[in-house]
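Chains as they are written, first to last, in this note's numbering: chain A, 1004 to 1154; chain B, 63 to 672; chain C, 249 to 378. Glycine included, every Cβ here is placed at the ideal spot set by N, Cα and C. Notes follow once the structure below has been shown.
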Amino acid sequence: MNEERLTEILGKYEADQSAIIAVLQDIQAEFGYLPKDAILTVSKEMNIPLSRVLSLATFFNAFSMEPKGRHPINVCVGTACHVRGAQLILEKLERELSISSGDTTQDGDFSLDEVRCVGCCGLAPVIMVGDEFHGKLTQTKIPGVLKKYQK
Amino acid sequence: MEEQTSEKTYRIHLMVCAGTGCVSNNSFAVKDALKEEIKKQGLENEVLVVTTGCNGFCERGPLLVVEPGKIFYQQLTIKDIPHLVEEHFLKGRPVEKLMYSPPEDKTPIPVLNDIAFFKGQVLIALRNRGLIDPEKIDEYIARDGYTGMAKALTEMTAEEVLEEVKQSGLRGRGGGGFPTGLKWEFVRRASTNNGGIKYIVCNGDEGDPGAFMDRSLLEADPHSVIEGMVIGAKAIGAQQGIVYVRNEYPLALKRLNIALDAAREYGLLGENILDSGFDFDIKVTRGAGAFVCGEETALLASIEGRLGEPRPRPPFPAEKGLWGQPTCVNNVETWANIPVIINRGADWYHSIGTETSKGTKVFSLVGKINNTGLVEVPMGISLKEIVYDIGGGIPGGKEFKAVQTGGPSGGCIPKEKIDLPIDYESLSEAGSMMGSGGMVVMDEETCMVDVARYFLSFTQDESCGKCTPCREGTKEMLNILTKITEGKGTEEDLTLLLELAQSIKDSALCGLGNTAPNPVLTTLKYFREEYEAHIKDKKCPAHVCRELNTYTIDEVACVNVGKGCDMCRRNCASDAIVGEKGKAHTVIQDKCIKCGVCYDVCRFGAVKVD
Amino acid sequence: MPKLTLDDLKKLREKARRTTVLREGGDFRAKVTVHMGTCGIAAGARTIMNTFMTEIEEKDIRDVLLTNSGCAGLCSKEPMITVELQGQAPVKYIELTPEKAKDIFDKHVLNGQIVQDYALGIGSEKTDVS
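What follows is the structure, encoded as structure tokens:
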């Protein structure tokens, strides 16, 4: 964890307690998860009880306590994707990567998660790999999509 | 400000859609290719490339509209660009093969307004869609932007603004449908305490899965929301505004921030706006991914940096909202309607729509429908017009089954009610609700029990856990529904489902819990025979519930028609198909995981599912 | 950028409309079509197009639509244009130079007088003005 970046993030909000969610969002964006040390520092610097920081960190879907893969995969399971077969896409990915939803591959290349609607319902079913969208998917297209990211 | 006030005249404007749908479809690469090719052809002083917000016809992205003339190009790829630029923009010959052709006849339709998807729409909230660059305030101003605000601040009293909004008949577009003017009046009358100020909040925590109206609006026309909020602030007497946007909407956040900076620079936000003596500014708060935060008390808690849990109302936020002060919460679409109402008057707005529901509503039309996208229609339009005229019907000649509106709080409207006029009351009577505007179309291959289970699993997951009926009740309902989809349900389960639904409706703390049973109640009401098929016959008529499906291969069709093509065996996920090229294939049932790939890849209809 | 007054806002709107009016599909009093087939371009149609663009910009004209189309079919008389005034028959002009183009813009497009000297024919073909 980069201490300097953490100090910068905290500096931006000047220990304004109501900005705690924004601080955690910035940390999540910077490190890809909420490192334990960062949570401890935030609690101390912003003078907010650790229990409260942790309750926020675990309540909101945007936060993760574990690091994600180099290519985090988010499978949209919004309604439009659901009726167009998102569950089958998710299971195909689980089989291809030999992991369950919520986990990261052993080599750390991919992590697999479900997300509630990314708002591209016109392209359903959709997955996101990192910041890139892949739409109108079928099970048979999945290996091709993954190949793009495999070394 | 040089780049914002384009002094030059161009003979052609290329409006490239840069809504999230088109961006996901690579529209930025198309835009870059256009710019490059235009330069190569020496047209850079004649042709202007403009990036706009969501055009609405997401199904066909990436999209490009050529002005003047509204020539509509769709599904563009980088490879199409050199030909397009040379033919149309240099030589003046529009390229037919890149135009839209309706599925039923293959004749290209060149002009946007002639395409059925756009024809039936009436644009008020989306009035600027596709016509301006959302990152340029001057283009918003050119389309009468900020004139409503100017009128409200310099020509009208706060009471007059309030009265205008009340007279317009506008109701909250976030779901509840509460009269906007009345809400404003409550906040206006409420008094602050301890020398605090009143707040205005724009709820952009669009949580319904399958809905993207707010995102599109913020991406395509952020200034209309800002202008609406300033007008509201004047009517209410608020000094601070907050826009709460989902963290999952990075593009909306970016464009909103650009818009806020530009408005501040022009003095359209801040102190003494337009020399009127009125002060108002707006901050942005990012949501952190919790559906319950769409509920206003949970949303306010989250803005204050607390857990996004709802609290009992009253007191309503109008009396005690943000930091304990009177607060007015309206959603994105509601705010976007305000400038037009002030500009064109309550009477004009009042003339659109039905007796009780005035104006228009934006819907995201998704699911099993040909023309997926964002549509704005007058209240009172029938469901049939939306599904068949604008939406272009169901793909693949499948049969229409139902439309789900209102997200996890709404319900399913069956095909028998396709003539239902869309307004707040009709939807409620049908057991659903307007909601924020998600409209998910379902066909014969959608299982209604599975849909009910899907929404329950959503609300179960998103339940904040504070009250027992919602936390435990939805879990129990979900368990029963899961049992039914696995073919383990009993007749008694249906009675129990109804009982649980009623008690959750009656006793949950907030809207999320109160409405969670709706998807189950409406599907049970209109599609009871589907539940019964799962329970009695252990069959899923739509072949969605996997445990109840059996895949087999018709040997005759496989060999005679398909010549034993072997596609199913090669794609099988679990080595459950035996056979070799040229010979009949068979499914070994013990090994089959029922993923359905064999059914999808067989081009000869030899794979059967029952 | 200093803070806007009400008056500034109005002026800014007028100015910005010059950019966006093209997109609003309003009524144009005239449409000028420059024929830009391969032969037209070879004969100098681009210069004619640029002349009209400059005229429109310099004179701050907002209700004249400038567009291009393919070959007019009379390659030997290029560069050619067609001028259509709202509600009137289209007029084709041939063998144009920038000077002739300016002349046509002033007399025909802006003032409705057909410049007989450069005209090929009147009412031969018609396109939709809007």
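Backbone CA spacing between residue i and residue j [nearest angstrom]
{"i": "residue 377 of chain C", "j": "residue 162 of chain B", "result": "Per-residue confidence for residue 377 of chain C stands at a pLDDT of 43, beneath the threshold of 50, marking its modelled position as unreliable; the derived number appears in the next sentence. So the alpha carbons of these two residues sit roughly 23 Å apart."}
{"i": "residue 265 of chain B", "j": "residue 358 of chain B", "result": "8 Å"}
{"i": "residue 408 of chain B", "j": "residue 183 of chain B", "result": "21 Å"}
{"i": "residue 1143 of chain A", "j": "residue 354 of chain B", "result": "36 Å"}
{"i": "residue 247 of chain B", "j": "residue 574 of chain B", "result": "26 Å"}
{"i": "residue 253 of chain C", "j": "residue 210 of chain B", "result": "15 Å"}
{"i": "residue 260 of chain B", "j": "residue 254 of chain B", "result": "7 Å"}
{"i": "residue 101 of chain B", "j": "residue 152 of chain B", "result": "11 Å"}
{"i": "residue 267 of chain B", "j": "residue 349 of chain B", "result": "7 Å"}
{"i": "residue 428 of chain B", "j": "residue 340 of chain C", "result": "49 Å"}
{"i": "residue 286 of chain B", "j": "residue 208 of chain B", "result": "8 Å"}
{"i": "residue 280 of chain C", "j": "residue 352 of chain C", "result": "10 Å"}
{"i": "residue 335 of chain C", "j": "residue 276 of chain C", "result": "11 Å"}
{"i": "residue 292 of chain C", "j": "residue 346 of chain C", "result": "10 Å"}
{"i": "residue 1043 of chain A", "j": "residue 1053 of chain A", "result": "7 Å"}
{"i": "residue 230 of chain B", "j": "residue 1099 of chain A", "result": "56 Å"}
{"i": "residue 443 of chain B", "j": "residue 592 of chain B", "result": "29 Å"}
{"i": "residue 634 of chain B", "j": "residue 492 of chain B", "result": "43 Å"}
{"i": "residue 365 of chain B", "j": "residue 1021 of chain A", "result": "7 Å"}
{"i": "residue 325 of chain B", "j": "residue 331 of chain B", "result": "6 Å"}
{"i": "residue 121 of chain B", "j": "residue 1126 of chain A", "result": "7 Å"}
{"i": "residue 275 of chain B", "j": "residue 650 of chain B", "result": "46 Å"}
Residue i - partner residues in DSSP beta bridges
{"i": "residue 342 of chain B", "result": "B:332"}
{"i": "residue 390 of chain B", "result": "B:262"}
{"i": "residue 436 of chain B", "result": "B:426"}
{"i": "residue 284 of chain B", "result": "Partner(s): none; residue 284 of chain B has no beta bridge."}
{"i": "residue 1116 of chain A", "result": "A:1077"}
{"i": "residue 622 of chain B", "result": "For residue 622 of chain B, which the question treats as bridged, DSSP gives no partner whatsoever."}
{"i": "residue 1036 of chain A", "result": "DSSP, once it has assigned bridges, lists no residue as partnering residue 1036 of chain A."}
{"i": "residue 1131 of chain A", "result": "A:1077, A:1136"}
{"i": "residue 464 of chain B", "result": "B:476, B:504"}
{"i": "residue 283 of chain C", "result": "C:317"}
{"i": "residue 640 of chain B", "result": "B:648"}
{"i": "residue 1085 of chain A", "result": "Partner(s): none; residue 1085 of chain A has no beta bridge."}
6 Å Cβ shell around residue i - same chain, five flanking residues per side excluded
{"i": "residue 278 of chain C", "result": "312, 333, 357"}
{"i": "residue 296 of chain C", "result": "282, 327, 344, 349"}
{"i": "residue 1029 of chain A", "result": "1012"}
{"i": "residue 302 of chain C", "result": "none"}
{"i": "residue 214 of chain B", "result": "223, 293, 296, 404"}
7 Å CB neighbourhood of residue i in its chain, flanking five on each side removed
{"i": "residue 1025 of chain A", "result": "1016"}
{"i": "residue 318 of chain B", "result": "280, 284, 305, 307, 346"}
{"i": "residue 673 of chain B", "result": "The first residue shown for chain B is 63 and the last is 672, placing residue 673 of chain B beyond what the model contains."}
{"i": "residue 451 of chain B", "result": "178, 182"}
{"i": "residue 1146 of chain A", "result": "1099"}
Residue i, buried or exposed, once every other Cβ within 10 Å from all chains shown has been counted against 16
{"i": "residue 505 of chain B", "result": "buried"}
{"i": "residue 584 of chain B", "result": "buried"}
{"i": "residue 433 of chain B", "result": "buried"}
{"i": "residue 514 of chain B", "result": "buried"}
{"i": "residue 1103 of chain A", "result": "exposed"}
{"i": "residue 612 of chain B", "result": "exposed"}
CB contact check: residue i to chain D, cutoff 8 Å
{"i": "residue 204 of chain B", "result": "Among the chains of the structure shown, chain D does not appear; the protein chains present are A, B and C."}
Nonlocal neighbours in the same chain, by C-beta distance under 8 Å from residue i, ignoring five residues either side
{"i": "residue 607 of chain B", "result": "509, 511, 512, 547, 548, 549, 596"}
{"i": "residue 1018 of chain A", "result": "1048, 1049, 1050"}
{"i": "residue 244 of chain B", "result": "228"}
{"i": "residue 160 of chain B", "result": "135, 136, 137, 138, 142, 146"}
{"i": "residue 73 of chain B", "result": "108, 109"}
{"i": "residue 555 of chain B", "result": "542, 545, 546, 597"}
{"i": "residue 455 of chain B", "result": "431, 432, 449, 462"}
Residue i Cβ short of 7 Å to the ligand SAH heavy atom set
{"i": "residue 332 of chain B", "result": "This structure simply doesn't include the ligand SAH, nor any ligand for that matter."}
> Is the number of C-beta pairs between the segment 194-214 of chain B and the segment 380-394 of chain B that are closer than 8 Å three or more?
Replying inline: Counting Cβ pairs under 8 Å, fewer than three are found: no touch.
>> Any contact between the segment 642-661 of chain B and the segment 582-591 of chain B? By contact I mean 3 or more CB pairs, one from each, below 8 Å.
In response: The answer is no - the segment 582-591 of chain B does not touch the segment 642-661 of chain B, with fewer than three Cβ pairs under 8 Å.
> Counting Cβ pairs, one atom from each stretch, are 3 or more of them under 8 Å apart for the segment 1079-1088 of chain A and the segment 1114-1126 of chain A?
Replying inline: The segment 1079-1088 of chain A is in contact with the segment 1114-1126 of chain A.
> With a cut-off of 8 Å, do at least 3 Cβ pairs link the segment 1128-1139 of chain A to the segment 288-304 of chain C?
Replying inline: As far as the Cβ criterion goes, the segment 1128-1139 of chain A does not touch the segment 288-304 of chain C, which means the pair count is below three.
> Would the segment 411-430 of chain B and the segment 1053-1068 of chain A be scored as touching if the rule is three or more Cβ pairs under 8 Å?
Replying inline: Touching, no.
> Taking one C-beta from the segment 1064-1073 of chain A and one from the segment 1082-1097 of chain A each time, how about it: are there three or more such pairs within less than 8 Å?
Replying inline: Contact fails: fewer than three Cβ-Cβ distances are below 8 Å.
>> Between the segment 636-644 of chain B and the segment 613-627 of chain B, can you find at least three pairs of beta-carbon atoms closer than 8 Å?
In response: With a cut-off of 8 Å, the segment 636-644 of chain B and the segment 613-627 of chain B count as touching, because enough Cβ pairs lie within range.
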